[in-house]
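In the working numbering, the protein residues as written are 2 to 448.
Everything on this sheet refers to the single structure shown next.
Next comes the structure, spelled out in structure tokens:
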């Protein structure tokens, strides 16, 4: 028979980390707030996580549309998209000559997912891990699975997830997971369906705020586990209202004029596959002129509605890729960390906020009212991080020592590829860590 795990002052159990993923909504020019504290209908962050640390992670990776897998993968592997391989919701892989689509059953096959997820590191170190609706392969290429795994399903209320977390934490110590990862999609679903400033979001926020507050009250107060359990609340991305955006028609740009054909987009431009969304990665048919497409895109981009970039690691075969003077200037910005992968199409069209890429046949019919996946420097795309527990106490002490204390303990922004190394340190398994794109010693100042 299981009993509640309640700590006493004499307990010295091993540390445990609970990480919960949401989205973030930017609501003020001064700074973004975590989703559930964004609107006046919800309690402030100080009620949900008293004394928490708040981090505006403006340096998160660019997602040319996430599962939001790209952001999730960066967080759980410590790798940028060009390294972990999940570059978009759907993409063409030239090495296997197959297409990844996140909604298909084969998307969970380990061959698509590079890098080592946090739960695999935890399991290799001899600890147990648990996932609730967290995406990714159920079995890695190393044939390792999380000890406990709850697959994704719609209409799973946050209260069910709290109950499952507590059930796992009440297991005997030899069966108890030390890493619990929870995904809560209600805000993301509401943002896509109705937009970030909608009544639906306003109705969803109190549900999420109560979810987070209940976790804190149960773990840190009722069970006295604040010195043992690190609770991390993170977001992949923000959300922006796209309901009244201007359409940019790719077939008007690439399939009109003297070279026009009777084919619809994308075949009319010699494009074989279109990766990602809202951005577009263009793969070409053998013999197609990528140069002509690039030239037209360069001219059209002068309107300021989108940017054009080229991948620097893939040279398509059988394509007339003549030298273009502007190609060097069109290289993918380094801050995106989105260039060095054979899975990245040779040409990428990235819309600016306020514009949507489409064609005359689709005419924007597949667009959601709210979306994400735009330039990671856009305020509306910012991700956030909240922490409470032993790590927060340690960081608070360091801030006070540095005379850099504020009431809400705001830490400087950091890329979410750093989270992997933070969590393995909190679990005491840093020596088991896999190679990442994170910075060596990044957390030394705070732990």
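Every residue gets a Cβ at the ideal spot worked out from N, C-alpha and C, and that includes glycine.
In this text the structure is predicted, and so the values were computed from the model without any measurement.
Next on the checklist: Rounded to the nearest angstrom, what separates residue 365 and residue 279 at their Cα positions?
Outcome noted: As a first step, residue 365 must be located in the chain shown, where it is residue number 364. As a first step, residue 279 must be located in the chain shown, where it is residue number 278. Rounded to whole angstroms, residue 365 and residue 279 show a C-alpha spacing of 11 Å.
Checklist entry - Near residue 161, what residues of its chain come up, given a Cβ to Cβ distance below 6 Å and the 5 sequence neighbours on each side ignored? => result Against the chain shown, residue 161 aligns to sequence position 160. Contacts found: none.
Next on the checklist: Can you check which of these residues, 393, 298, 358 and 266, is closest to residue 448 by C-alpha distance?
Outcome noted: Numbered from 1 along the chain shown, position 447 holds the residue referred to as residue 448. Selected option, being the one with the closest Cα: 393.
Next on the checklist: How far does the beta strand (DSSP E) with residue 282 in it extend, from its first residue to its last?
Outcome noted: The residue labelled residue 282 in the question sits at position 281 within the chain shown. First-last of the beta strand (DSSP E) with residue 282: 281–285.
Next on the checklist: Given this structure, state the Cα-to-Cα distance separating residue 137 from residue 363, to the nearest angstrom.
Outcome noted: Along the chain shown, one-based indexing puts residue 137 at 136. Along the chain shown, one-based indexing puts residue 363 at 362. Using only the alpha carbons, I get a separation of about 30 Å.
Next on the checklist: Check for me: the beta strand (DSSP E) holding residue 276 runs from which residue to which?
Outcome noted: Locating residue 276 in the chain shown gives position 275, counting from the first residue. First-last of the beta strand (DSSP E) with residue 276: 272–276.
Checklist entry - Expressed to the nearest angstrom, what Euclidean distance is found between the alpha-carbon atoms of residue 440 and residue 257? => result Within the chain shown, numbered from 1, the residue matching residue 440 stands at position 439. Within the chain shown, numbered from 1, the residue matching residue 257 stands at position 256. One C-alpha to the other measures close to 48 Å.
Checklist entry - So what does DSSP say about residue 349, is it helix, strand or coil? => result Locating residue 349 in the chain shown gives position 348, counting from the first residue. DSSP places residue 349 in strand when its eight states are reduced to three.
Item to check | Range covered by the alpha helix (DSSP H) that runs through residue 240 | outcome: The residue labelled residue 240 in the question sits at position 239 within the chain shown. No alpha helix (DSSP H) contains residue 240, which DSSP labels as neither H nor E.
Item to check | Beta-bridge pairing of residue 99 - partner residues as DSSP gives them | outcome: Taking the first residue of the chain shown as position 1, residue 99 is located at position 98. Paired residues: 94.
Next on the checklist: Using a Cβ-Cβ cutoff of less than 6 Å, which residues in the same chain neighbour residue 20 once the five nearest sequence positions on both sides are dropped?
Outcome noted: The residue you call residue 20 lines up with position 19 of the chain shown. Excluding positions up to five away in sequence, the list reads 182 and 233.
Checklist entry - In chain order, which continuous runs of the alpha helix (DSSP H) of length 4 or greater are located wholly inside the region 83–171? => result 119–125 and 159–170
Checklist entry - Any idea if residue 132 is buried or exposed, counting beta-carbon neighbours within 10 angstroms, 16 or more meaning buried? => result Locating residue 132 in the chain shown gives position 131, where the first residue counts as 1. The residue is buried, with at least 16 neighbouring Cβ atoms inside 10 Å.
Checklist entry - Does the region 374–391 come within contact of the region 116–124, defined as at least 3 CB pairs closer than 8 Å? => result no
Checklist entry - For the putative contact between residue 298 and residue 254, defined by C-beta atoms under 8 Å, what is the C-beta separation to the nearest angstrom? => result Position 297 of the chain shown holds residue 298. Position 253 of the chain shown holds residue 254. Between residue 254 and residue 298 the Cβ distance is about 7 Å, and since that is below 8 Å, they are a contact.
Item to check | Identity of the residue in 357, 189 and 219 nearest residue 384 by Cα | outcome: The sequence position of residue 384 within the chain shown is 383, counting from 1. Residue 189 is the option with its Cα nearest to residue 384.
Checklist entry - Using the beta-carbon count (16 or more within 10 Å), is residue 344 buried or exposed? => result Locating residue 344 in the chain shown gives position 343, where the first residue counts as 1. Buried, since its Cβ has 16 or more Cβ neighbours within 10 Å.
Next on the checklist: Using a Cβ-Cβ cutoff of less than 6 Å, which residues in the same chain neighbour residue 211 once the five nearest sequence positions on both sides are dropped?
Outcome noted: For the purposes of this step, residue 211 is taken as residue 210 along the chain shown, with counting starting at 1. Residues of the same chain with their beta carbon placed closer than 6 Å to that of residue 211 are lacking, with the five preceding and five following residues left out of the count.
Item to check | Assumed close pair residue 307, residue 354 - CB separation to whole angstroms, cut-off 8 Å | outcome: Numbered from its first residue, the chain shown carries residue 307 at position 306. Numbered from its first residue, the chain shown carries residue 354 at position 353. Not confirmed; about 11 Å, so no contact.
Next on the checklist: I'd like the list of long-range same chain contacts for residue 177, defined as Cβ closer than 7 Å, with 5 residues on each side in sequence excluded.
Outcome noted: As a first step, residue 177 is located in the chain shown; it is residue number 176 there, counting from the start. Once the five neighbours on either side are set aside, the close Cβ partners of residue 177 are 129, 169 and 170.
Checklist entry - Within the 9 Å Cβ cut-off, does residue 335 reach chain C? => result The chain inventory of the structure shown lacks chain C, comprising one protein chain alone.
Next on the checklist: Taking 9 Å as the threshold (C-beta atoms), are residue 88 and residue 277 in contact?
Outcome noted: Counted from its first residue, the chain shown places residue 277 at position 276. Counted from its first residue, the chain shown places residue 88 at position 87. Their beta carbons are under 9 Å apart, which means residue 277 touches residue 88 by this criterion.
Checklist entry - Quick one: what's residue 231 bridged to in DSSP? => result What you label residue 231 is simply residue 230 of the chain shown in a count that begins at 1. Residue pairing by DSSP puts residue 231 in a beta bridge opposite 18.
Next on the checklist: Would residue 194 and residue 204 qualify as a contact pair, given that the criterion is a beta-carbon distance under 9 Å?
Outcome noted: If you number the chain shown from 1, residue 194 lands on position 193. If you number the chain shown from 1, residue 204 lands on position 203. Contact: no.
Checklist entry - Based on Cα-Cα distance, which residue from 446, 411, 201 and 414 lies nearest to residue 426? => result As a first step, residue 426 is located in the chain shown; it is residue number 425 there, counting from the start. If we check each option's Cα against that of residue 426, 446 comes out closest.
Next on the checklist: According to DSSP, is residue 197 part of a helix, a strand, or is it coil?
Outcome noted: As a first step, residue 197 is located in the chain shown; it is residue number 196 there, counting from the start. Residue 197: coil per DSSP, three-state reduction.
Item to check | For residue 85, the nearest candidate out of 442, 431, 149 and 418 (CA to CA) | outcome: The sequence position of residue 85 within the chain shown is 84, counting from 1. When each option's Cα is compared against that of residue 85, the closest is 418.
Checklist entry - What separation, rounded to the nearest whole angstrom, lies between the Cα atoms of residue 209 and residue 429? => result Within the chain shown, residue 209 is the residue found at index 208, counting from 1. Within the chain shown, residue 429 is the residue found at index 428, counting from 1. Taking the straight line from one Cα to the other gives about 30 Å.
Next on the checklist: Quick check for students: name the residue ranges of the beta strand (DSSP E) that lie wholly in the region 361–441, counting only runs of 3 or more.
Outcome noted: Counting only runs that start and end inside the region 361–441, the beta strand (DSSP E) elements of at least 3 residues fall at 384–389.
Checklist entry - If you compare alpha carbons, which of 412, 391 and 411 is closest to residue 424? => result Taking the first residue of the chain shown as 1, we reach residue 424 at position 423. Of the listed residues, the one whose Cα sits closest to residue 424 is 391.
Checklist entry - Can you name, in chain order, every residue of its own chain whose Cβ lies under 8 Å from the Cβ of residue 31, other than the five neighbours on each side? => result The residue labelled residue 31 in the question sits at position 30 within the chain shown. In this predicted model, residue 31 has a pLDDT of only 29, less than 50, meaning its place in the structure is not dependable; the value taken from the coordinates is given anyway. So no residue of the chain qualifies.
Checklist entry - Residues bridged to residue 248 by DSSP? => result The count along the chain shown starts at 1 and reaches residue 248 at position 247. In the DSSP output, where bridge partners are listed per residue, residue 248 has 357.
Checklist entry - Excluding five sequence neighbours on each side, which residues of the same chain lie with their C-beta closer than 7 Å to the C-beta of residue 357? => result Locating residue 357 in the chain shown gives position 356, counting from the first residue. The residues are 243, 246, 248, 249, 279, 365 and 368.
Checklist entry - What separation, rounded to the nearest whole angstrom, lies between the Cα atoms of residue 45 and residue 147? => result What you label residue 45 is simply residue 44 of the chain shown in a count that begins at 1. What you label residue 147 is simply residue 146 of the chain shown in a count that begins at 1. Only weak support exists for where residue 45 lies, its pLDDT of 49 falling under 50; the value from the coordinates is given anyway. Distance between the alpha carbons of residue 45 and residue 147 is about 34 Å.
Item to check | Simplified DSSP assignment, three categories, for residue 253 | outcome: Reading the chain shown from its first residue, position 252 is the one you call residue 253. It is helical.
Next on the checklist: Looking only at its chain, what residues have a beta carbon closer than 6 Å to the beta carbon of residue 346, apart from the 5 residues adjacent to it on each side?
Outcome noted: Locating residue 346 in the chain shown gives position 345, where the first residue counts as 1. Closer than 6 Å at the Cβ level, and outside the excluded window around residue 346, lie 276, 282, 283 and 284.
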